[in-house]
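Written out below as structure tokens is the structure these notes cover.
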């Protein structure tokens, strides 16, 4: 990893680590929740970029976006990340290194299932020797999937020693969380999830709220937010969280 790549790792995972929640870890599963349009995909792409800058291999699975659309989102957020870096001539080389460690798979126009996801992961391992360290599943409709199917994602992460990140949509009329439990729709599978975040819009800010880490139900704001203008995770001072 170059010095520049280390400097660029000032987003996503680094900020989460400072706040005490760096990620679920190999073989474990994280979930980020929010209503539509708040920034779940940007959050996951930020995790993907940070992982690539750290030298990890990333498989990004999209349910309803084409490969080109996902790639464009990576490019957009990466260019926002490097915007403060002036006069650099090795950015294309870094991008090439990142692209070699990233694979995007789209289920756009095709039915998603955890069984099919398993096939994709094993096909990549067998035919192109690609074994992800980080598995990202964007726009996972966990309302349509059974507890057994979500457990299959956990089993896949455990079998491959990949760190899995998923996102799901919440709705304004969802009931509140029962005391000591995750809010719907994550409550039906909270035993499978190791780390759970929620993106909460408030005014011109989007706060990152941690709901669960390992076996602890936390339900508190982090010192991290999503900048709606750049789609990058940014530090937030306690005074801005009130």
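Residue numbers (the numbering used here): 212 to 453.
For glycine and all other residues, C-beta sits at the position ideal for the given N, C-alpha and C.
Exposed or buried, what is residue i when buried is set at 16 or more other beta-carbons lying within 10 Å of its beta-carbon?
| i | result |
| --- | --- |
| residue 374 | buried |
| residue 243 | buried |
| residue 409 | buried |
| residue 451 | With a pLDDT of 48 at residue 451, under the threshold of 50, the modelled position of that residue is not reliable, and the figure given next carries that caveat. Flag for residue 451 reads exposed. |
| residue 252 | buried |
| residue 357 | exposed |
| residue 263 | buried |
| residue 250 | buried |
| residue 370 | exposed |
| residue 320 | exposed |
| residue 453 | Bear in mind that a pLDDT of 45 at residue 453, under 50, signals an unreliable position, so the model cannot answer this. |
| residue 402 | exposed |
Just the Cα atoms here: how many angstroms apart are residue i and residue j?
| i | j | result |
| --- | --- | --- |
| residue 266 | residue 324 | 29 Å |
| residue 443 | residue 384 | 28 Å |
| residue 338 | residue 300 | 34 Å |
| residue 247 | residue 382 | 8 Å |
| residue 281 | residue 426 | 33 Å |
| residue 361 | residue 355 | 10 Å |
| residue 255 | residue 333 | 22 Å |
| residue 395 | residue 304 | 43 Å |
| residue 400 | residue 296 | 42 Å |
| residue 376 | residue 276 | 17 Å |
| residue 228 | residue 441 | 21 Å |
| residue 342 | residue 331 | 11 Å |
| residue 271 | residue 349 | 8 Å |
| residue 437 | residue 418 | 6 Å |
| residue 353 | residue 273 | 14 Å |
| residue 231 | residue 413 | 23 Å |
| residue 365 | residue 240 | 6 Å |
| residue 190 | residue 261 | Within the shown structure, residues of the chain are numbered from 212 to 453, placing residue 190 beyond reach of any answer. |
| residue 287 | residue 314 | 17 Å |
| residue 233 | residue 378 | 17 Å |
| residue 391 | residue 340 | 43 Å |
| residue 335 | residue 268 | 12 Å |
| residue 291 | residue 259 | 15 Å |
| residue 411 | residue 306 | 31 Å |
| residue 283 | residue 322 | 23 Å |
| residue 312 | residue 386 | 40 Å |
| residue 308 | residue 344 | 15 Å |
Please return the same chain residues whose Cβ sits closer than 8 Å to the Cβ of residue i, not counting the five positions on each side in sequence.
| i | result |
| --- | --- |
| residue 329 | 363, 367 |
| residue 429 | 421, 422, 423 |
| residue 415 | 439 |
| residue 380 | 244, 245, 246, 247, 251, 350, 352 |
| residue 431 | 420, 421 |
| residue 397 | 242, 244, 353, 379, 404, 407, 422 |
Please work out which residues of its chain come closer than 7 Å, Cβ to Cβ, to residue i, disregarding the five sequence neighbours upstream and downstream, and give them in chain order.
| i | result |
| --- | --- |
| residue 302 | 293 |
| residue 446 | 226, 434, 435 |
Starting from residue i, follow its DSSP beta bridges and name the residues at the other end.
| i | result |
| --- | --- |
| residue 408 | 243, 421 |
| residue 375 | 240, 346 |
| residue 317 | 273 |
| residue 446 | 435 |
| residue 428 | 423 |
| residue 380 | 245 |
Within the same chain, show all residues whose beta-carbon is closer than 6 Å to that of residue i, passing over the 5 residues directly before and after it, in chain order.
| i | result |
| --- | --- |
| residue 372 | 237, 238 |
| residue 285 | 256 |
| residue 406 | 235, 241, 424 |
| residue 316 | 272, 331 |
Legend entry - Residue ranges of each beta strand (DSSP E) within the stretch 237-312, 3 or longer: Within the stretch 237-312, the complete beta strand (DSSP E) runs of at least 3 residues are 240-245, 269-273.
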